Amino acid sequence: MNRLKLPPWLVLLLPAIIILSAVVLIPLVLSLYSSFTSYRLTRPDSIFNWVGFFNYEKALTDVKFWAAFGRTVLLLTVALNLEMLFGLGLALMVSKVTQGQRLLRTMMMFPMMFSPILVGFQFKFIFNDNVGLVNNALQSLGITDQAIPWLVDGQLAMFSIIFAEIWTATSVFGILILAGLYAIPRDPLEAAKVDGCTAWQSFRYVTLPFLMPFIYIAMAIRSLDVARAYDIVQIMTNGGPARRTELLWTLIGRTGYVDARMGYANAMGYISIFLAIFFTIYFFKKLTQSRKELGMGA
Amino acid sequence: MASNLNHRMRRYTLKGLHFFGLFSAMMVLCVPGLWIVLNSFRPTVEIMAKPPVWIPNELNLDHYRAMFSGIGEGGVPVLTYFANSLVISVTSTVIAILIGMAGGYAFARYKFNFKGGMFVGLMVTRAVPGVALSLPLFILFARIGIIDTHFGLILAYVALNIPFTIWLIDGFFRQVPPELAEAAEIDGCTRWQAFWRVEFPVARAGIASAGIFAFLTSWNEYALASQLTRSTTSKTMPVGLLDFTSEFTLNWGGMCALAVLMIIPALILTFLVQKHLIAGLTFGGVKG
Chain E
24 MNRLKLPPWL VLLLPAIIIL SAVVLIPLVL SLYSSFTSYR LTRPDSIFNW
74 VGFFNYEKAL TDVKFWAAFG RTVLLLTVAL NLEMLFGLGL ALMVSKVTQG
124 QRLLRTMMMF PMMFSPILVG FQFKFIFNDN VGLVNNALQS LGITDQAIPW
174 LVDGQLAMFS IIFAEIWTAT SVFGILILAG LYAIPRDPLE AAKVDGCTAW
224 QSFRYVTLPF LMPFIYIAMA IRSLDVARAY DIVQIMTNGG PARRTELLWT
274 LIGRTGYVDA RMGYANAMGY ISIFLAIFFT IYFFKKLTQS RKELGMGA
Chain H
1302 MASNLNHRMR RYTLKGLHFF GLFSAMMVLC VPGLWIVLNS FRPTVEIMAK
1352 PPVWIPNELN LDHYRAMFSG IGEGGVPVLT YFANSLVISV TSTVIAILIG
1402 MAGGYAFARY KFNFKGGMFV GLMVTRAVPG VALSLPLFIL FARIGIIDTH
1452 FGLILAYVAL NIPFTIWLID GFFRQVPPEL AEAAEIDGCT RWQAFWRVEF
1502 PVARAGIASA GIFAFLTSWN EYALASQLTR STTSKTMPVG LLDFTSEFTL
1552 NWGGMCALAV LMIIPALILT FLVQKHLIAG LTFGGVKG
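So the sequence lines, in the order shown, correspond to chains E and H. Each residue of the first sequence is one higher than the one before, starting from 24 at the first, in my numbering. Each residue of the second sequence is one higher than the one before, starting from 1302 at the first, in my numbering.
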């Protein structure tokens, strides 16, 4: 009769905790362990070969790793900021429309339905130097008579990837910011008008602060699945040409599965996990903070 | 008068700019997708034509016919992939929703220590990049022998979806005033009955949209699926797309046809839930 009684919230959360520990935590502990060994897929017993911090040292002194790391951070910074700006612009434009807003909203969400891998193939096709839409259009318009090697040249390939990334995610920002625009109370805006604020001033000091929580929600959601860029990059260039578009994720995938050096790959994986966690916690912090400033949160 | 005219001119320019901006933005958002749809109906010769053929001479269903015709005739076992995708996505969604409802209810209704920390902790598990997670999962699943099975992928997708469903469902349960359930309990319902008869029906639409969101995540997932599946017994459609590639060539037309097949369910479901999805995300996030 003296059964241990758990509090109800714990009982309710227990299934989630169990599944997440089984599928996320235990594998992560395993990979943490294997990152200290010279584990290779081809030689299973090498998992017991303890090498200490060797893999981490190797990663941290590897030029290729730092190049990929820098490129990943660059991609995230450029893409997230541009997505935010474009999304904001898009939301403002759509909110000003008086007729047909529902249709525009639906069109806006179109890219969200595409699987990241589909986006990869789609833009691989569109930026194809031979049969792609972009080159065909440029050549037909007579802007260039040469085929531009969009995915073959290092710089252009990075541009194409960022373009694809922005294409998929701008609508996430757009839709959430639009929801924010609808939720803005009318009074402060009218007061600003009465006080003689210019359009820019009332946007900067009234609209934008109200939108900040919504922008941070979008940022938080996006930072949860930034690694989706892996699918896009893997399909579009697979880190090529000559590693010019190599990101942390493609580097990890290649080291782990193609070179079969799991231990080393897991060490790099951990570094990328911390990067992702850093972004997530940062935006959740920002979200709580901006909520407090508006007096919304309890 | 001059200032009046000036003012009006400015307003027209602004209006023109607004229209132009909106139009070009929508073009950029929609054209790449429509281009894929169009190419799925065009014969390969026309896709590859140099100089390009802008106005299609001929539209047919050849790529779709080839796709469904089976292996060996340039086809890909699309129906098997479709069935795999459907079974895996639906099962993992149902489980994720049940677990998410329990978790979301706990976050919305009970006060406990480290609540905020646990919430962020949940989210952090979702932030682990798929590739980084797929390495240890691959080793672990290979050891237990659930690589290339529906079960393995379902398990992985349930875990992938739980944090987000909890976040969304938590937001929807917060919208239901706790007094409703209390009133029902005073009227003689047990907590369990009060939940199913009062709180669940009010939040039902929101829960459904969380479910569709989870479904789409599983439906579109690639990084994990590409490593945890090996053969037609469990390959899903995103992995199946790669069947159209070979060492040096790509069957663009066929790939576009499979892409369309992937988009259609996503399209229908997204339209059904867009309203609730936005409400759930913003409510859960802003008023949390």
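Backbone N, C-alpha and C fix where the C-beta goes; we use that ideal spot for every residue, glycine too. Model, not experiment: these values are computed from the prediction.
Under the three-state reduction of DSSP output, residue 100 (chain E) falls in the helix class. Note on geometry: alpha-carbon atoms of residue 230 (chain E) and residue 248 (chain E) lie some 28 Å from one another. Nearest C-alpha to residue 33 (chain E) among H:1340, H:1507 and H:1419: H:1419.
Of the residues E:196, E:214, E:73 and E:156, the one whose Cα lies closest to the Cα of residue 1347 (chain H) is E:156. Excluding residues up to 5 positions away in sequence, 1499 lie with their Cβ nearer than 6 Å to the Cβ of residue 1481 (chain H) in the same chain. Beta-bridge analysis with DSSP links residue 1546 (chain H) to H:1551.
Proximity of residue 1322 (chain H) to chain E, defined by a Cβ-Cβ separation below 9 Å, is satisfied. Here DSSP, grouped into helix, strand and coil, assigns residue 66 (chain E) to strand.
Per DSSP, the continuous alpha helix (DSSP H) segment holding residue 1466 (chain H) begins and ends at 1451 to 1476.
Residue 1424 (chain H) places its beta carbon 9 Å or farther from that of residue 1466 (chain H).
Remark: three or more beta-carbon pairs, one from each stretch, lie closer than 8 Å, so the segment 1383 to 1394 of chain H and the segment 1449 to 1456 of chain H are flagged as touching. Between residue 72 (chain E) and residue 79 (chain E), the CB-CB gap reaches or exceeds 9 Å. At a beta-carbon threshold of 9 Å, the residues of chain E lying near residue 1319 (chain H) are 116, 119 and 120, ordered along the chain. Nearest C-alpha to residue 212 (chain E) among E:312, E:311, E:233 and E:121: E:233. Contact annotation: in the segment 1539 to 1550 of chain H, residues whose CB is within less than 8 Å of a CB in chain E are 1539 and 1542. Under the Cβ distance rule, residue 94 (chain E) does not count among the residues neighbouring chain H, no pair being separated by less than 9 Å. At least 9 Å separates the beta-carbon of residue 1462 (chain H) from that of residue 1524 (chain H). With a threshold of 16 other beta carbon atoms within 10 Å, residue 1502 (chain H) falls short and is exposed.
In the DSSP secondary-structure assignment, residue 60 (chain E) is bridged to E:73. Between the alpha carbons of residue 48 (chain E) and residue 36 (chain E) lies a gap of roughly 16 Å.
The C-alpha of residue 1395 (chain H) lies about 40 Å from the C-alpha of residue 174 (chain E). Within the segment 1338 to 1407 of chain H, the runs of alpha helix (DSSP H) at least 4 residues long that lie entirely inside it are, in chain order, 1345 to 1348 and 1363 to 1369. In the three-state reduction of the DSSP assignment, residue 1489 (chain H) falls in the coil class.
For residue 1328 (chain H), the number of other beta carbons within 10 angstroms of its own is below 16, and it is reported as exposed.
DSSP places residue 1513 (chain H) inside the alpha helix (DSSP H), whose first and last residues are 1501 to 1521. When DSSP states are grouped into helix, strand and coil, residue 170 (chain E) belongs to the coil group.
Within the segment 219 to 245 of chain E, the complete alpha helix (DSSP H) runs of at least 4 residues fall at 222 to 225. A direct Cα-to-Cα measurement between residue 42 (chain E) and residue 1358 (chain H) gives close to 54 Å.
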